[in-house]
Amino acid sequence: MNSRRLDTFVRYEAFETPGLAAYSDRVHIFTASALHVAAVSASALIALAVGAAGGLAFRWSERDRAKAEPQAEPLVPHGVAAVLQVLRSSAVLLDASDAVVKASPAAHALGLVRGQRLVPEDLTGIARLVRRDGEIRQVELELPRGPLGQDTLAVSVRVAPLGSQLVLVLVEDRTEARRVDAVRRDFVANVSHELKTPVGALSLLAEAVLSASDDPDAVRRFASRMQKEAHRLTNLVQDLIDLSRVQGDDPLAKAVAVDLGDVVAAARERVVEVAEARQIEIVTAGADGVRVLGDLGQLTTAIGNLVENAVNYSPDRTKVVVSVRVEGELAELSVTDQGVGIPDQDLNRIFERFYRVDPARSRITGGTGLGLAIVKHIAATHGGDVSVWSVEGAGSTFTLRLPVAVQAPSTELHPTPTQQTITTGSRTT
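Position in the sequence shown (first residue = 1) + 80 = our numbering.
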């Protein structure tokens, strides 16, 4: 029966039968609910079918699109970025438009990359050639250190293709190695020149002696000059030996506690005869018992060079003062003279090898131009430094500063033989 007939039947039964009114209401409500649930279920099934059909259509569309458009490979190959971070050389990856895709920290530190651009145009040009023909190229270049100034960087460049889109640029900074090579060449040239001068003078003087064999006065004069040139040659060879030794040895590898008073006394003995002959008084002052950690021979050489220079460049009947004091954790040894002084323009160069403020006076005194270079190197290898104060015509003061050897604490004054230590402010031996 349809819903109209069912409703008529229910009303009839409720009218004819007592007590059936409530029952008819419940039947009516149940019937209406059943019809509503059926309608909702039908709508839900229709919506579910439409959603499923839409999802299948979307999946089919995506699959067709993936087939039609092949997936592009990643621009930077897997693992390349991690490798660039650990390379010692400066590394830069360029894409097809010469934009920087990836750069190592060394490349940024060297100033090769600014934003997304490779700064040196020479490197960009080489990268374009490599991208064009695919051949690896390696060249030596000098690149400007910055946008201003004339200073340059000496670099070794290697450029190679990486995949089909990228070009890898590797730049190794060779500036320091080039500088060391230049210093070595200059040193060899200077040594050759310095050795040639006294050797040539000895040769000429020997010929003069032979030609003046019948003139005793001339022979004595030429022999005296030969003696001076031989002394100069001996000093030069000895300074070269000293410089080679201090450059090859680590003074703190087998360091001992050195009393600066003993070193000053040894340095004074080296020049006492010359000083007395010229009536130059050598005065020692300052603290006693000051100890530093290092090599006794090297420290004696360094302080001896300072005292000898002070005597050589002081006028007769003057004073040279050598003083020692402790300033914090540093021992300061100063050598002060009343000599000719050093011009301001030469103060920054007097510690260079073979540099002489007054070449003519150096020839008279037998100076080689290596003494202060040796002092500077010994100070540096002992963890200290050397400085100079000078006024032209009033004298100079050279100050050597070295770490003080610190005595072990009282609880360790009697350590076992295998645990005895001497400490300084910067290292323990």
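Here a beta-carbon is modelled for each residue, glycine too, at the ideal position from N, C-alpha and C. As the structure is a computational prediction, the values presented were derived from the model and not from experiment.
Item                                                                                                           : Value
Reduced DSSP secondary structure (H/G/I, E/B, other) of residue 334                                            : coil
Close Cβ partners of residue 313 (< 8 Å) along its chain, the five nearest in sequence each way excluded       : 275, 278, 279, 282
Sheet register partners of residue 372 (DSSP bridge)                                                           : 338, 484
Cβ pair residue 391, residue 355 closer than 8 Å                                                               : yes
Buried versus exposed call for residue 454 [16 or more other C-beta atoms within 10 Å across all chains shown] : buried
Beta-bridge pairing of residue 433 - partner residues as DSSP gives them                                       : According to DSSP, residue 433 bridges with nothing at all.
Residue closest to residue 367, alpha-carbon to alpha-carbon, out of 344, 319, 266                             : 344
Cβ-based burial, residue 462 [other Cβ within 10 Å; buried from 16]                                            : buried
For residue 477, three-class secondary structure by DSSP                                                       : strand
Three-state class that DSSP yields for residue 200 in the structure shown                                      : coil
Any 3 or more C-beta pairs closer than 8 Å across the region 468-482 and the region 404-424                    : yes
Cβ neighbours of residue 498 in the same chain (closer than 6 Å, five flanking residues each side left out)    : Confidence is the limiting factor: at residue 498 the pLDDT is only 35, short of 50, which leaves the residue's position unreliable and the question unanswerable from this model.
Simplified DSSP assignment, three categories, for residue 241                                                  : strand
Residue 169 versus 190, 320, 435, residue with shortest Cα-Cα distance                                         : 190
Residue 484 vs residue 406 beta-carbon contact at 8 Å                                                          : yes
Among 435, 249, 411, 412, the one whose alpha carbon lies nearest that of residue 422                          : 435
Given residue 232 as reference, the closest of 457, 254, 174, 398 once Cα atoms are compared                   : 254
Cβ-Cβ distance between residue 270 and residue 433 below 8 Å                                                   : yes
Beta-bridge partners of residue 383, as assigned by DSSP                                                       : Residue 383 pairs with nothing; no bridge assigned.
Beta-carbon proximity check, residue 165 vs residue 177, cutoff 8 Å                                            : no
According to DSSP, residues forming a beta bridge with residue 362                                             : 400
Terminal residues of the beta strand (DSSP E) in which residue 367 lies                                        : Run containing residue 367: none; DSSP gives neither H nor E here.
Cα-Cα separation, residue 225 to residue 251                                                                   : 14 Å
CA-to-CA distance, residue 187 to residue 214, given in whole angstroms                                        : 23 Å
Spatially closest choice to residue 338 from 206, 308, 373, by CA coordinates                                  : 373
CB contact flag (residue 451, residue 319, <8 Å)                                                               : yes
Residue 172, DSSP secondary structure in three states                                                          : strand
Distance between beta carbons of residue 209 and residue 199, contact taken as under 8 Å                       : So it is not a contact: roughly 18 Å between Cβ atoms.
Presumed contact (8 Å Cβ cut-off) between residue 479 and residue 414, rounded CB distance                     : 5 Å
Local Cβ density within 10 Å of residue 395, reported as buried at 16 or more and exposed below that           : exposed
Coarse secondary structure for residue 185, derived from DSSP in three states                                  : helix
Residue 420: first and last residue of the uninterrupted alpha helix (DSSP H) it sits in                       : Looking at the DSSP string, residue 420 is not in any alpha helix (DSSP H), and its letter there is neither H nor E.
The alpha helix (DSSP H) enclosing residue 218, as first and last residue numbers                              : Where residue 218 is concerned, there is no enclosing alpha helix (DSSP H), although the beta strand (DSSP E) it sits in stretches over 217-224.
Residue of 305, 174, 181 minimising C-alpha distance to residue 205                                            : 174
Which of helix, strand or coil DSSP assigns to residue 194                                                     : strand
CA-to-CA distance, residue 333 to residue 296, given in whole angstroms                                        : 56 Å
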